[in-house]
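Just below is one structure, and these are the notes that go with it.
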Amino acid sequence: MNIKVMKFGGTSVAHASNINKVIDIILDVNNKSDKIVIVVSALSGITDDLIMLANLASKGDLKYKIIFQAICGRHDQVIKELIDLKNKKRVVQEINEKYDELEKITANIFSAGELSLSALDAVMSFGERLSSYIIGEAIESRGIACEFVDSREIIKTDDNFGGASVDLEKSHKLISDHFKNGTLYIMGGFIGSTKDGQTTTLSRGGSDYTASLVGAALDAAVIEIWTDVDGIMTEDPKKMKNALLIPEISYEKAEEMAYNGAKVIHPKTIRPAVLKNIPIYVKNTFNPRGSGTKISNR
Ligand code: ADP
Ligand code: ASP
Ligand code: MG
Numbered sequence: 001m002n003i004k005v006m007k008f009g010g011t012s013v014a015h016a017s018n019i020n021k022v023i024d025i026i027l028d029v030n031n032k033s034d035k036i037v038i039v040v041s042a043l044s045g046i047t048d049d050l051i052m053l054a055n056l057a058s059k060g061d062l063k064y065k066i067i068f069q070a071i072c073g074r075h076d077q078v079i080k081e082l083i084d085l086k087n088k089k090r091v092v093q094e095i096n097e098k099y100d101e102l103e104k105i106t107a108n109i110f111s112a113g114e115l116s117l118s119a120l121d122a123v124m125s126f127g128e129r130l131s132s133y134i135i136g137e138a139i140e141s142r143g144i145a146c147e148f149v150d151s152r153e154i155i156k157t158d159d160n161f162g163g164a165s166v167d168l169e170k171s172h173k174l175i176s177d178h179f180k181n182g183t184l185y186i187m188g189g190f191i192g193s194t195k196d197g198q199t200t201t202l203s204r205g206g207s208d209y210t211a212s213l214v215g216a217a218l219d220a221a222v223i224e225i226w227t228d229v230d231g232i233m234t235e236d237p238k239k240m241k242n243a244l245l246i247p248e249i250s251y252e253k254a255e256e257m258a259y260n261g262a263k264v265i266h267p268k269t270i271r272p273a274v275l276k277n278i279p280i281y282v283k284n285t286f287n288p289r290g291s292g293t294k295i296s297n298r
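According to the UniProt record's numbering, the stretch in the sequence shown is residues 1 to 298, in order.
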């Protein structure tokens, strides 16, 4: 079976117009694979906003309500632009339930006057929970069936909130059971849950790692990390104008660059792919015809 995992980062899903570019990329390959799992990050900036929301609430600062409204507004705008009229009511209802849940958690933090790491993870998880649900519905609005998966049901972790370790054995089994029959799925990156169901996060930038965990568990043919630059470059292209694209790189070198701060790929992404010898491609959502970087054992 030809299985593909495609992860789209924050800038790729920043707003409706970028999300449409992402859906174009998915539709272009949808018929060429037996199964595709899409992993998405939060809309760009939303994780930072959620952290600010939780911090303000814990300090008793009512400005948290302004941040809350701004977060909802960003998602409402995507729904307004991308969801079919016939599905809008249902999607808005579902989203409002998620907003209510976030509001309750934040109000509790406000009353407690303190922010535990577990409460912060619960708040941060809404970035990916909202984006994955809405983008899944946006794909359906373009006429393609896409099954939504709650990542917390298949990514099982310890309770090291903020940087939880994944229980690989348990998660692999849940992942391979969960994705058995369908052809196109979407899930949020970055989040998981403990064995008693508490929401956890895998550390900042962790959606790349989610994609590679899923790819390894499914024996995917390829894992694709779609981001906002052409691939792995010799240096951060935002800091060094003359950074050059690296067309091919070994797992070891890519891992070393990631551990040394090349944010384009989360350092934990490499290991699961190495164990199954799955190539990882890093590609640009805004230049999809570009060759990107291939990370493999070569
Ligand atoms: P995403 O939201 O898609 O996960 P990130 O912001 O996490 O994207 O990672 C992409 C960013 O990584 C690029 O915009 C770039 O500024 C930065 N970056 C740092 N080092 C490198 C590098 N060596 N090659 C490419 N990009 C890099
Ligand atoms: N949204 C999370 C973050 O901003 C995870 C990710 O983007 O990979 O860190
Ligand atoms: Mg990233």
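For each residue, glycine too, the CB sits at the ideal point set by N, CA and C.
The stretch 113–126 makes contact with the stretch 48–67, as at least three CB pairs between them are under 8 Å.
At a Cβ-Cβ threshold of 8 Å, E137 and N87 count as neighbours. The residues L245, V282, G292, T293, in chain order, have a CB closer than 6 Å to that of G231 in the same chain once the five nearest residues on each side in sequence are set aside.
Residue environment analysis places Y209 among the buried positions, since at least 16 neighbouring C-beta atoms fall within 10 angstroms of its C-beta. If you compare the alpha carbons of I3, G10, V29, L85 with that of K263, the shortest gap goes to G10.
In its chain, beyond the 5 residues on either side, A54, A57, S58, L115, A119 have a beta carbon closer than 7 Å to the beta carbon of I109.
Annotation: N2 is outside any beta strand (DSSP E) and is labelled neither H nor E by DSSP.
For the set S151, H178, H172, the Cα lying nearest the Cα of S193 is the one of S151.
Closest option to L130, judged by alpha-carbon separation, among Q198, E94, R90: E94. By the Cβ criterion, the stretch 215–224 is not in contact with the stretch 238–256, since fewer than three pairs of Cβ atoms, one from each stretch, lie closer than 8 Å.
When DSSP reads this structure, V39 sits in a beta bridge with K7, M187.
Bridge pairing for Y281: E224, K294 [DSSP]. I155 is the residue among I155, E248, A164, G197 whose C-alpha sits nearest the C-alpha of F179. Distances between the C-beta of G192 and the heavy atoms of the ligand ASP are all 7 Å or more.
Short of 6 Å from the beta carbon of V5, and not among the five residues preceding or following it, lie these beta carbons of its own chain, in chain order: V37, A211, V214, G215, A220, I223.
At the C-beta level, I225 and I186 stay beyond 8 Å of one another. No heavy atom of the ligand MG is found nearer than 7 Å to the CB of G231. Within its own chain, the residues whose Cβ lies closer than 7 Å to the Cβ of A42, once the five positions on either side in sequence are excluded, are G10, G127, E128, S131, listed in chain order. If you check the C-beta of D208 against the ligand MG, you find a heavy atom less than 7 Å away.
For E147 against G182, the beta-carbon gap comes to about 5 Å, under 8 Å, which counts as contact. With a beta-carbon spacing of about 27 Å, G73 and G113 fall beyond the 8 Å limit used to define contacts. Going by beta carbons, V78 and A145 fall outside the 8 Å limit.
Not one heavy atom of the ligand ADP lies closer than 7 Å to the C-beta of V39.
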